[in-house]
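Data first, discussion second: the structure below is written as structure tokens.
Number of protein chains: 2
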Amino acid sequence: MTTLTIHEAATTTGWSPRMLRYVEQLGLVEAPRSASGYRLYGPAQLQRLRTLRELLERYDVELGDLGFALRLRREPELAGALDDWFSSQLEAPPQRPEPEMPDSDWLAFEQDKHSQLLTSGRQDTA
Amino acid sequence: MTTLTIHEAATTTGWSPRMLRYVEQLGLVEAPRSASGYRLYGPAQLQRLRTLRELLERYDVELGDLGFALRLRREPELAGALDDWFSSQLEAPPQRPEPEMPDSDWLAFEQDKHSQLLTSGRQDTA
DNA sequence: CGCACCCTGACACGCGGCTGGTAAGGTTAG
DNA sequence: CTAACCTTACCAGCCGCGTGTCAGGGTGCG
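Residue numbers (numbering that gives the first Met the number 0), protein chains in the order written: chain A, 0 to 125; chain B, 0 to 125.
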């Protein structure tokens, strides 16, 4: 069995147990649990924790940023809305149709749907 | 000339002049300047500011998050690194449909999957 | 000319994220 | 049984974000 307890995982990855739980709470590295609820860190989780650390210092990003990036992946509509908003800044002409973009078809669909939602200016909510 | 000064733009978009400068500092909405340095808000900027506001409240994101999203668009290397990291284990735990499964079983399943990811997923700076 | 606006920079302040620590209780192994 | 772990939940200090405000100086227009 190549799984470590949270304390062991902490010492070998340079995080604190507290932060391991926090990182899990952010949804970034979730350790499987034993039958009684103990977190079990396997090689995959350890590797992920180390690369996470690497990411943070190499690019000077914060856990919260990664949490947001995660959210973008879990909420395509949000990602689409942002895509749309950012693209409205570029003076480039309507370059909507992508020639080679297989996996993002469904995403493009979402974007369109929500861009219309957003640009249909309704700010009367009070 | 359909440009507004920062104070006018503020009152018509619901931001404060202070926040307009802050938003610009984050790189989110940059207004062109007059010869003497005054910010000139045109229809495009005003629309962008309103949509930004809409984004923030509709999806409950923060300006800092948007700043990070902007950074992702300006630093493809960072975006790639995140892509890489997330793809090494991205599943949706809250959506796992299995009703009840012995802990040890799905634990083994997870670990197996992750080991495979690790051994085969040699990310050679893709 | 004067007033009202703009600029940048700086300080202030509340709130919430990050991180540690601790308490109360369950689990594992000797 | 005991000791050393683990769990969750809470409280506390630090710090940065969001925001207001002020100071010192420039601009535009009646």
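Even glycine gets a Cβ: it sits at the ideal position worked out from N, Cα and C.
Using 9 angstroms as the threshold, is the C-beta distance between residue i and residue j below it?
| i | j | result |
| --- | --- | --- |
| Leu-62(B) | Leu-71(B) | no |
| Val-28(A) | Arg-47(A) | yes |
| Ala-34(A) | Glu-23(A) | no |
| Ser-86(B) | Ala-43(A) | no |
| Tyr-40(B) | Leu-3(B) | yes |
| Phe-67(B) | Asp-83(A) | no |
| Arg-38(B) | Leu-19(B) | yes |
| Leu-126(A) | Ala-8(A) | The structure shown does not extend to residue 126(A), since chain A is modelled only from 0 through 125, so no value can be given for it. |
Check for me: the alpha helix (DSSP H) holding residue i runs from which residue to which?
| i | result |
| --- | --- |
| Glu-53(A) | 42 to 58 |
| Glu-76(B) | 75 to 86 |
Along the stretch 35 to 59 of chain A, what residues have a CB closer than 8 angstroms to any CB found in chain B?
Leu-39, Gly-41, Pro-42, Ala-43, Gln-44, Gln-46, Arg-47, Thr-50, Leu-51, Leu-54, Arg-57 and Tyr-58
Going along the stretch 3 to 20 of chain A in order, which residues come within less than 7 angstroms of chain B, judged by CB to CB distance?
none
Given 8 angstroms as the limit, is there contact between the stretch 41 to 56 of chain B and the stretch 12 to 19 of chain B, that is, 3 or more CB pairs closer than that?
yes
Residue ranges of each alpha helix (DSSP H) run of no fewer than 4 residues wholly in the stretch 4 to 38 of chain B, ordered along the chain?
5 to 12 and 16 to 24
Contact residues within the stretch 75 to 86 of chain A, judged by C-beta distance below 7 angstroms to chain B
Leu-77, Ala-80, Leu-81, Trp-84 and Phe-85
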